[in-house]
Amino acid sequence: MPFLEVEHLTKIYGTGANQVKALDDVSFTVEKGQFVAIVGPSGSGKSTLMHLLGGVDRPTGGTVRLSGMDLASQPDETLAVFRRRQIGLVYQFYNLIPLLTVKENLLLPLLLDGRRPAPGQLEGIVEQLGIEGKLDAFPDQLSGGQQQRVSLGRALITRPALLLADEPTGNLDGANTAQVMELLRAIHRGTGQTILMITHDRELAQQAQRILVIGDGRLQRDEVIRP
Ligand code: ADP
Ligand code: ADP
């Protein structure tokens, strides 16, 4: 059983004359531990795909199965719990909560689930992310690169089965982009974290193990570039 199985996935927004087919019969599978880049121009359906994979939105047709569970057939409440525990999300604009400190932002996903970090877990993440000394700061006191590293920590604190990153370096300069990419690769190497990273940047995509190219809502290419 593949870890992630996407079959005939279709998403249509709007109705009647305003219909937009954002995804059109997309199928692929991902093995546990793979680092996959999803590449395509703006408007090609990448964010839509991410929302469906993350159980944030529901497909018009087709299925997404994660560890054998069909996301679309779950009731909202089940899906919400599943998402909270199994999916880590990283966005282009960090989406940190401005009124919470870095530490509170990092721990929030556990808190919402009534859990605490394992002993040493927070310290481990803080060290790996290189944000020591920032735990009591607020997001707007951090640089973009630091904010994105916090958002990566927040996504990983629940030890999700799948890390979904939507243009994680899209708002960062070259140096910070390199740093965040290096972190993603280190996390992948270190824990075998399964990662799906959306990007419009073909060069960044080369850092993954496999590249899925999306165009006009369709899967156009599926290429393994390194083992
Ligand atoms: P990408 O992330 O590759 O830029 P999107 O998934 O955001 O692509 O968008 C794919 C297509 O679906 C685009 O034509 C976009 O305008 C359309 N679209 C995305 N979200 C919505 C929505 N909520 N309502 C209507 N159309 C949408
Ligand atoms: P990105 O590709 O960087 O995610 P988009 O502009 O495609 O940025 O989408 C930003 C948000 O707006 C998404 O939540 C998407 O669903 C929504 N969206 C995109 N296109 C449309 C549209 N034509 N109508 C309504 N909502 C849209």
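To convert, take the position in the sequence shown, counting from 1, and add 29; that gives my numbering.
The beta-carbon is built from N, C-alpha and C at its ideal position, and this holds for glycine as well.
On a predicted model such as this, the values are computed, not experimentally measured, just so you know.
Q. What separation, rounded to the nearest whole angstrom, lies between the Cα atoms of Gln-249 and Val-68?
A. Straight-line Cα distance between these residues: approximately 10 Å.
- request: Alpha carbon to alpha carbon, how far is Ile-243 from Thr-77? Give it in angstroms, no decimals.
  value: Approximately 11 Å, taken between the alpha carbons.
Practice item. Give a yes or no on whether the minimum CB-CB distance between Asn-124 and chain D is below 8 Å. Key: Protein chains in the displayed structure number just one, and chain D is not present.
**Prompt:** Residue range of the alpha helix (DSSP H) that Leu-129 falls in?
**Reply:** Taken as a continuous stretch (DSSP letters only), Leu-129 belongs to no alpha helix (DSSP H), as it is neither H nor E.
(message) Can you determine whether any heavy atom of ligand 1 sits closer than 7 Å to the C-beta of Ala-51, and answer yes or no?
(response) Because some heavy atom of ligand 1 lies under 7 Å away, the Cβ of Ala-51 counts as near it: yes.
Euclidean distance between Cα positions of Thr-39 and Gln-121
Taking the straight line joining both Cα atoms gives about 24 Å.
Arg-255: which of Phe-64, Val-85 and Ser-102 sits nearest, CA to CA?
For Arg-255, the nearest C-alpha among the options comes from Phe-64.
Check your understanding: With Leu-201 and Thr-223 assumed to form a contact (beta carbons below 8 Å), what rounded beta-carbon distance in angstroms separates them?
Key -> 23 Å between Cβ atoms; not a contact.
Taking Gln-249 as part of the beta strand (DSSP E), name the residues at either end of that continuous run. Taken as a continuous stretch (DSSP letters only), the beta strand (DSSP E) holding Gln-249 covers 247–253.
- Task: Report the three-state DSSP secondary structure of His-229 (helix, strand or coil).
- Result: Under the three-state reduction of DSSP output, His-229 falls in the coil class, being neither helix nor strand.
Problem - Bounding residues of the alpha helix (DSSP H) (the contiguous stretch that carries Thr-220) - result: Counting along the chain, the alpha helix (DSSP H) containing Thr-220 begins and ends at 203–220.
field: Whole-number beta carbon distance between Gly-182 and Leu-108, since they are thought to touch under 8 Å
entry: A Cβ-Cβ distance of about 24 Å is found for the pair Leu-108 and Gly-182, leaving them out of contact under the 8 Å criterion.
Task: Where His-37 falls, given that 16 or more other Cβ within 10 Å makes a residue buried - done: Label assigned to His-37: exposed.
How should Arg-231 be labelled, buried or exposed, when 16 other C-beta atoms within 10 angstroms of its C-beta is the threshold for buried? That one is exposed.
task: Taking 8 Å as the cut-off, decide whether the C-beta atoms of Val-179 and Val-131 are in contact.
output: For Val-179 and Val-131, yes; Cβs fall inside 8 Å.
*Would you identify the three-state DSSP class for Glu-133, choosing helix, strand or coil?*
Helix.
> So Gln-157 and Tyr-123 are in contact, right, with Cβ under 8 Å, and what is the actual spacing, rounded?
Replying inline: The beta-carbon separation of Gln-157 and Tyr-123, rounded to 18 Å, does not stay under the 8 Å limit for a contact.
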